[in-house]
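A short worksheet on the structure shown next.
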Amino acid sequence: NAGVTQTPKFQVLKTGQSMTLQCAQDMNHEYMSWYRQDPGMGLRLIHYSVGAGITDQGEVPNGYNVSRSTTEDFPLRLLSAAPSQTSVYFCASRGLNSNQPQHFGDGTRLSIL
Amino acid sequence: DQQVKQNSPSLSVQEGRISILNCDYTNSMFDYFLWYKKYPAEGPTFLISISSIKDKNEDGRFTVFLNKSAKHLSLHIVPSQPGDSAVYFCAASARNSGYSTLTFGKGTMLLVSP
Chain A
1183 NAGVTQTPKF
1193 QVLKTGQSMT
1203 LQCAQDMNHE
1213 YMSWYRQDPG
1223 MGLRLIHYSV
1233 GAGITDQGEV
1243 PNGYNVSRST
1253 TEDFPLRLLS
1263 AAPSQTSVYF
1273 CASRGLNSNQ
1283 PQHFGDGTRL
1293 SIL
Chain B
162 DQQVKQNSPS
172 LSVQEGRISI
182 LNCDYTNSMF
192 DYFLWYKKYP
202 AEGPTFLISI
212 SSIKDKNEDG
222 RFTVFLNKSA
232 KHLSLHIVPS
242 QPGDSAVYFC
252 AASARNSGYS
262 TLTFGKGTML
272 LVSP
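Going down the list, the protein sequences come from chains A and B.
Basically this note's numbering = 1-based index in the first sequence + 1182.
Basically this note's numbering = 1-based index in the second sequence + 161.
See below:
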């Protein structure tokens, strides 16, 4: 029972490099989302999707792109990494029923030098 | 402007006693609230939720109380166990956004000592 799987678990980038953080879920959830967590902060929503082909911005979308070509996958792209994007990134999913809680992956720890 | 506030960064409790974690919110449109628990190097895990049509929800050792007039909710853990030591996040959502977004507090680190 894999749930939400994030890869990689750790990554170090240089400023200006690009990268894709992968997120996959095997629960057939329509809703998927990306959050970042910084020290002393709660989780902040970057982007979310309510189904294949549909994405929308969250609280902190700048510098990130997403796409949703399948129900299972929701990759997060950094086109030109900046030190301010050093953070722990969490992917989550839930069914479309709004009263269902989100299930989180174990995170990707990203450092940008 | 922080819409969900957890004003206590940390809380220490002895095993067997009650732990009370507090959360305040400012957005009156929030009508669905959740508590998540997070261990180091893991993702948050859902603990318990409450809708604004209720003022209490209970699940085993965990009870969440909601005071809508004060825009305040609390999580009670009774009895507390060492395995409860973790960071607890309060989160809120609103029907007018289709519950599409969760707004999190900064978290409270709970330490339960034997």
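Ideal Cβ placement from N, Cα and C applies to all residues, glycine included.
- [ ] Please state whether DSSP places aspartate 1208/A in a helix, a strand or coil.
- [x] For the purposes of this step, residue 1208/A is identified with residue 26 of the first sequence, where counting begins at 1. It is coil, neither helix nor strand.
Task: Environment of glutamine 1267/A [buried if 16+ CB atoms lie within 10 Å] - done: Taking the first sequence and counting its residues from 1, one reaches residue 1267/A at position 85. Glutamine 1267/A comes out buried.
Task: Whole-angstrom distance between serine 241/B and serine 173/B, CA atom to CA atom - done: By one-based count along the second sequence, residue 173/B stands at place 12. By one-based count along the second sequence, residue 241/B stands at place 80. Approximately 10 Å, taken between the alpha carbons.
Task: Length of the line joining the Cα atoms of alanine 255/B and serine 212/B - done: Here residue 255/B is taken as the residue at index 94 of the second sequence, counted from 1. Here residue 212/B is taken as the residue at index 51 of the second sequence, counted from 1. About 10 Å.
- [ ] Return no unless some Cβ of chain A is closer than 7 Å to the Cβ of proline 205/B.
- [x] Here the question's residue 205/B lines up with position 44 in the second sequence. With 7 Å as the cut-off, proline 205/B counts as an interface residue toward chain A.
- [ ] Below 8 Å on the Cβ atoms is my guess for tyrosine 1271/A versus glycine 1245/A; work out the distance and round it to an integer in Å.
- [x] The count along the first sequence starts at 1 and reaches residue 1271/A at position 89. The count along the first sequence starts at 1 and reaches residue 1245/A at position 63. Rounded, the Cβ-Cβ distance is 12 Å, inconsistent with contact.
Task: Residues of its chain near aspartate 162/B, where Cβ-Cβ distance is below 8 Å and the 5 sequence neighbours each way are ignored - done: The count along the second sequence starts at 1 and reaches residue 162/B at position 1. Closer than 8 Å at the Cβ level, and outside the excluded window around aspartate 162/B, lie Thr187.
TODO: Taking glycine 268/B as the query, report the chain A residues whose CB atoms sit under 8 Å from its CB, ordered along the chain.
DONE: Translated into the one-based positions of the second sequence, residue 268/B becomes position 107. Here the neighbours are Gly1224.
Task: Residues of its chain near glycine 1198/A, where Cβ-Cβ distance is below 7 Å and the 5 sequence neighbours each way are ignored - done: Walking along the first sequence from the start, residue 1198/A turns up at place 16. So the qualifying residues of the chain are Ser1262, Ala1263.
Open item on the list: So, does the stretch 1218-1231 of chain A touch the stretch 1188-1207 of chain A, judging by three or more C-beta pairs under 8 Å?
Closed with: no
Open item on the list: Quick check on glutamine 1282/A: does DSSP put it in helix, strand or coil?
Closed with: In the first sequence, counting from the first residue as 1, residue 1282/A sits at position 100. DSSP places glutamine 1282/A in coil when its eight states are reduced to three.
TODO: Mind listing the chain B neighbours of proline 1283/A? Cutoff is C-beta to C-beta under 7 Å, in chain order.
DONE: By one-based count along the first sequence, residue 1283/A stands at place 101. Leu195, Phe207, Ser210, listed in chain order.
Open item on the list: Restricting to Cα atoms, I'd like to know which of Thr1252/A, Asp1208/A, Phe1286/A is closest to glutamate 203/B.
Closed with: Translated into the one-based positions of the second sequence, residue 203/B becomes position 42. Ranking the options by Cα distance to glutamate 203/B, first place goes to Phe1286/A.
- [ ] Report yes or no: is there a C-beta of chain C within less than 7 Å of the C-beta of phenylalanine 191/B?
- [x] Any reference to chain C falls outside this structure, whose protein chains are A and B.
TODO: Mind checking which residues open and close the beta strand (DSSP E) that includes isoleucine 1294/A?
DONE: By 1-based counting over the first sequence, the position of residue 1294/A is 112. Counting along the chain, the beta strand (DSSP E) containing isoleucine 1294/A begins and ends at 1290-1294.
Task: Extent of the continuous beta strand (DSSP E) run through asparagine 1247/A - done: Here the question's residue 1247/A lines up with position 65 in the first sequence. Counting along the chain, the beta strand (DSSP E) containing asparagine 1247/A begins and ends at 1246-1248.
Task: Counted within 10 angstroms of its Cβ, other Cβ atoms place threonine 1189/A as buried (16 or more) or exposed - done: As a first step, residue 1189/A must be located in the first sequence, where it is residue number 7. Its Cβ having fewer than 16 others within 10 Å, threonine 1189/A is exposed.
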